[in-house]
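This note's numbering numbers the first residue of the sequence shown as 27 and each following residue consecutively.
We put the CB at the ideal spot given by N, CA and C, even for glycine.
The structure displayed is predicted, hence computed values, not measured ones.
Working notes, structure below.
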Amino acid sequence: MPDSATSPLAGLLSSQPLINTRELKILSAAGFETVGDVLLRIPRRYEDRRSTKAIASLLNGETASLQVHVYSAGWRFSYKRYFEVSAGAEDEPYGPRLLLRWFNMPYVAKLLAVGMNLSVFGKVKEYAGKLTMSNPDFEVMDDEEIANRLVEKAMGNCPDEVIPPAADCVCVHTQRIVPIYRGISGMVPRRFRELVYHLLQIMPEGLRQPGYDVAPAYPYREALEDLHFPRTPEVAHKARMRFALAECFRQQFRVAWRRRQTRGKPGLVTAETDAYMQELLQSLPFRLTEAQLRCVSEIRADMERPVQMNRLLQGDVGSGKTLVALCAMLLAVESGKTAAMIAPTQILAEQHYNNFKKLLRGMDIRLSLRTSDRADDIGYVADNPDEADDSPRILVGTHALLYKKNKARNLGLAVIDEQHKFGVAQREKFVTAAVNPDVLVMTATPIPRTLTLTLYGDLDVSVIDELPANRGEIITALRSPNNMKKIIAFMRSELAAGRQIYIVSPLIEESEKSDRSAAVSEWEKWTGIFPGEPIGLLHGRLSPDEKDAVMADFRNNTTHILIATTVVEVGVDVPNATIMLINDADTFGLSQLHQLRGRIGRGQHKSYCILLSDAAPGEPGREKLEVLCRTLNGFEIAEEDFRLRGPGDVLGTAQSGLGSVQFAEWLSDTRLIHRATRDANAILDADPLLNLPQHAPLRELVLYESDQGVIG
Numbered sequence: 027m028p029d030s031a032t033s034p035l036a037g038l039l040s041s042q043p044l045i046n047t048r049e050l051k052i053l054s055a056a057g058f059e060t061v062g063d064v065l066l067r068i069p070r071r072y073e074d075r076r077s078t079k080a081i082a083s084l085l086n087g088e089t090a091s092l093q094v095h096v097y098s099a100g101w102r103f104s105y106k107r108y109f110e111v112s113a114g115a116e117d118e119p120y121g122p123r124l125l126l127r128w129f130n131m132p133y134v135a136k137l138l139a140v141g142m143n144l145s146v147f148g149k150v151k152e153y154a155g156k157l158t159m160s161n162p163d164f165e166v167m168d169d170e171e172i173a174n175r176l177v178e179k180a181m182g183n184c185p186d187e188v189i190p191p192a193a194d195c196v197c198v199h200t201q202r203i204v205p206i207y208r209g210i211s212g213m214v215p216r217r218f219r220e221l222v223y224h225l226l227q228i229m230p231e232g233l234r235q236p237g238y239d240v241a242p243a244y245p246y247r248e249a250l251e252d253l254h255f256p257r258t259p260e261v262a263h264k265a266r267m268r269f270a271l272a273e274c275f276r277q278q279f280r281v282a283w284r285r286r287q288t289r290g291k292p293g294l295v296t297a298e299t300d301a302y303m304q305e306l307l308q309s310l311p312f313r314l315t316e317a318q319l320r321c322v323s324e325i326r327a328d329m330e331r332p333v334q335m336n337r338l339l340q341g342d343v344g345s346g347k348t349l350v351a352l353c354a355m356l357l358a359v360e361s362g363k364t365a366a367m368i369a370p371t372q373i374l375a376e377q378h379y380n381n382f383k384k385l386l387r388g389m390d391i392r393l394s395l396r397t398s399d400r401a402d403d404i405g406y407v408a409d410n411p412d413e414a415d416d417s418p419r420i421l422v423g424t425h426a427l428l429y430k431k432n433k434a435r436n437l438g439l440a441v442i443d444e445q446h447k448f449g450v451a452q453r454e455k456f457v458t459a460a461v462n463p464d465v466l467v468m469t470a471t472p473i474p475r476t477l478t479l480t481l482y483g484d485l486d487v488s489v490i491d492e493l494p495a496n497r498g499e500i501i502t503a504l505r506s507p508n509n510m511k512k513i514i515a516f517m518r519s520e521l522a523a524g525r526q527i528y529i530v531s532p533l534i535e536e537s538e539k540s541d542r543s544a545a546v547s548e549w550e551k552w553t554g555i556f557p558g559e560p561i562g563l564l565h566g567r568l569s570p571d572e573k574d575a576v577m578a579d580f581r582n583n584t585t586h587i588l589i590a591t592t593v594v595e596v597g598v599d600v601p602n603a604t605i606m607l608i609n610d611a612d613t614f615g616l617s618q619l620h621q622l623r624g625r626i627g628r629g630q631h632k633s634y635c636i637l638l639s640d641a642a643p644g645e646p647g648r649e650k651l652e653v654l655c656r657t658l659n660g661f662e663i664a665e666e667d668f669r670l671r672g673p674g675d676v677l678g679t680a681q682s683g684l685g686s687v688q689f690a691e692w693l694s695d696t697r698l699i700h701r702a703t704r705d706a707n708a709i710l711d712a713d714p715l716l717n718l719p720q721h722a723p724l725r726e727l728v729l730y731e732s733d734q735g736v737i738g
């Protein structure tokens with residue numbers, strides 16, 4: 027949402043005399059046009075440079091802050107030209123020295139001169155028996171007039187004279203908690219820090235937060251200064267939480283607004299009788315879990331009402347979400363409507379389609395598969411829209427369902443599987459193929475509770491929180507490549523028992539840029555290890571027909587080992603497969619590893635997931651593997667993934683519609699999310715259409731988001 031044109035933050039950088047033409051071009055190229063663009067560039071971290079040390083106490087390799095006096099300064103030549111200052115304590119003219127050296131920074135020679143007092147910060151290195159700092163951050167502690175006179179004197183432009191003692195100096199780069207920003211090409215970090223500091227000084231005390239201010243008791247001008255140049259770590263945290271609350275409020279206000287727009291929206295009654303569903307349930311050789319039955323009941327209650335359903339069905343790998351979704355689709359079909367399910371990959375779409383055909387065998391329900399490369403029609407008359415009775419009642423497909431020729435007629439229920447793998451616009455296009463159909467979105471990626479409140483706060487949520495009782499136990503083990511002989515022996519025993527094996531690699535082919543294992547070379551290797559075993563190869567470069575043939579052979583146990591990339595991550599269901607060997611497991615994300623592991627343990631046999639990695643204890647990649655070995659609970663794994671990777675990468679905020687997140691603190695703080703949600707709902711309760719003048723910025727916010735296609 028754009029800032030108000032009357033705000034000082036909206037002032038153009040080109041009107042600031044302290045920024046020269048070259049810097050304006052650099053800033054513009056990096057996306058900075060206004061004062062607000064600079065001041066809302068959030069520090070990615072801070073360095074505490076408050077404490078100072080004496081030169082005599084410095085240790086090789088340590089990072090330190092010092093106050094020193096310049097005893098000599100000039101250009102030096104070695105393997106390259108550099109400017110060097112010999113510095114020491116002002117009251118110890120014959121004491122220990124520290125050599126300060128600046129490479130590729132010629133402007134430093136115009137700023138420093140003998141007699142100056144400096145504050146410096148950098149890493150100490152011992153070189154040829156001398157203590158040095160290369161390219162340290164520094165500040166001249168003398169006032170500007172004295173510093174200029176010292177430089178002029180060093181250049182021989184003024185006679186010898188007595189220089190008065192240094193006055194107090196405001197430090198920006200040293201002697202304080204210093205903000206560290208993400209780099210800007212063409213501009214040194216200290217210069218950007220100076221710009222932030224100077225722009226803060228010209229901001230009025232009464233500066234207001236753009237849009238709606240969620241914390242008027244904490245003045246915005248003060249919070250900005252505390253954010254960039256905090257006096258203590260506690261002050262920095264307080265400022266970040268203030269801005270985090272504001273960001274959280276904007277997100278939750280959008281969620282609350284959208285929820286009110288969709289909640290109660292007129293829709294179709296898509297559940298009237300349940301004969302089809304009962305016929306399906308009675309044909310199953312098992313009973314649904316209590317969690318599945320609860321979710322079916324919640325979904326059915328929505329579909330019985332003449333308002334649009336918007337519900338999330340969330341469950342762990344193998345919990346039976348697809349069967350719950352099929353129950354809902356049968357309810358829609360029996361009410362005279364069409365149900366359509368969209369899946370992110372052709373393999374998954376075809377698996378759903380084939381499973382539906384088996385489950386609905388003997389029932390008079392026409393199915394159709396729609397992908398970009400394949401159409402399997404059962405009674406589908408594409409060229410004659412008047413023959414509605416011959417059109418399919420259940421459609422399953424990929425992105426092909428987004429195109430007009432494949433759209434479902436009389437759509438009553440839209441099901442989106444693995445919804446986070448679709449973009450916001452794609453989901454909207456699928457759902458708007460009809461007028462207010464019921465919508466059921468599914469995910470097998472367990473989501474931390476705070477992200478559920480944030481990403482899906484506009485949806486009702488059903489959770490399948492138990493697994494079917496007939497699933498085999500899964501053992502997860504972390505192994506080094508040095509254990510390969512034992513692993514191969516174990517594989518032989520499982521193959522001898524008639525079981526099947528997945529071997530997953532991160533790459534398709536070997537690359538000079540990476541030493542990760544590749545599926546093609548793995549296929550060659552394992553063909554040599556098991557010369558008598560039929561081995562399949564599956565990856566994304568195969569044609570659809572080739573993929574179908576490979577998967578059919580593995581499902582039918584014609585091939586006993588499947589070498590694959592992560593194309594098997596979602597939806598592949600082969601109950602006879604009992605071993606999943608994952609090469610270079612530390613290179614995968616934690617949730618992705620959990621998804622891959624979910625390909626085994628789908629039958630009654632005990633299964634084994636072997637994580638192959640040479641990551642050493644204490645390395646980041648090792649920690650996530652230890653988490654996976656410790657638990658099978660997808661929701662616990664999601665929380666750990668959230669902790670290890672941060673919220674920005676867990677689901678992919680661009681795909682989720684969350685957008686750019688500057689203050690990730692709120693994404694893991696239920697307290698902040700609940701407060702923001704409460705405040706948003708209070709405003710909408712009092713002013714549903716946002717007609718009051720004080721709510722104009724919020725109306726602008728939701729209208730702007732609607733124009734961007736983010737909310738409807």
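I'd like the list of long-range same chain contacts for residue i, defined as Cβ closer than 8 Å, with 5 residues on each side in sequence excluded.
i      : result
Asn462 : Lys291, Pro292, Gly293, Leu294, Gln334
His721 : Tyr238, Ile709, Asp713
Gly344 : Leu493, Pro494, Arg497, Gly624, Gly627, Arg628
Glu273 : Val687, Gln688, Phe689, Trp692
Gly121 : Ile81, Ala82, Gly114, Ala115
Could you tell me which residues DSSP puts in a beta bridge with residue i?
i      : result
Gly423 : Ile368, Arg396
Cys274 : For Cys274, which the question treats as bridged, DSSP gives no partner whatsoever.
Asn336 : Val465
His95  : Gly114, Asn143
Ala603 : Gln526
Thr89  : Lys149
Ile203 : Asp74
Thr299 : Partner(s): none; Thr299 has no beta bridge.
Leu428 : DSSP, once it has assigned bridges, lists no residue as partnering Leu428.
Shortest alpha-carbon distance to residue i belongs to which of the options?
i      : options                        : result
Trp552 : Leu568, Ile527, Ala80          : Ile527
Thr397 : Arg387, Pro332, His378, Leu386 : His378
Thr469 : Met367, Phe556, Ala545, Met131 : Met367
Ala440 : Leu386, Ser506, Met389, Leu338 : Leu338
Asp486 : Ser104, Ala327, Gly114         : Ala327
Gln278 : Leu715, Ile699, Pro719, Pro723 : Ile699
Ser633 : Glu645, Glu499, Leu564, Leu622 : Glu499
Asn143 : Pro132, Ser519, Ser112         : Ser112
For residue i and residue j, I'd like the C-alpha separation in whole angstroms.
i      : j      : result
Leu727 : Tyr246 : 19 Å
Ile203 : Ala262 : 9 Å
Arg48  : Met213 : 10 Å
Leu616 : Asn509 : 23 Å
Asp342 : Thr348 : 12 Å
Ser83  : Leu157 : 11 Å
Lys136 : Val166 : 12 Å
Asn46  : Thr258 : 33 Å
Ile737 : Ile391 : Note on Ile737: pLDDT 38, under 50, position unreliable in the model; no value is reported.
Leu421 : Asn436 : 12 Å
Ala282 : Gly483 : 7 Å
Ser547 : Phe580 : 19 Å
Ser21  : Gln201 : Residue coverage of the chain in this structure runs from 27 to 738, which leaves residue 21 outside it and unanswerable.
His586 : Asp443 : 29 Å
Gly554 : Val593 : 24 Å
Leu395 : Ala375 : 8 Å
Thr696 : Gln42  : 41 Å
Gly562 : Leu588 : 5 Å
Phe9   : Ala243 : What the structure shows of the chain is the stretch from 27 to 738, and residue 9 is not part of that stretch, so it cannot be assessed.
In chain order, what residues of the same chain have a beta carbon less than 6 Å from the beta carbon of residue i, not counting five sequence neighbours either side?
i      : result
Val61  : Leu35, Gly37, Leu225
Glu251 : Leu226
Does any CB atom of chain D fall closer than 7 Å to the CB of residue i?
i      : result
Val134 : As a matter of chain content, chain D is missing from the structure shown, which is built from one protein chain.
Could you tell me how far apart the beta carbons of residue i and residue j are, in whole angstroms, since I believe they sit closer than 8 Å?
i      : j      : result
Leu39  : Glu59  : 6 Å
Phe312 : Leu352 : Wrong, their Cβ atoms sit about 14 Å apart, outside the cutoff.
Leu654 : Leu619 : 5 Å
Glu652 : Leu521 : The pair is not a contact, with the Cβ atoms about 29 Å apart (cut-off 8 Å).
Ala56  : Ile210 : 5 Å
Ala365 : Gly438 : 6 Å
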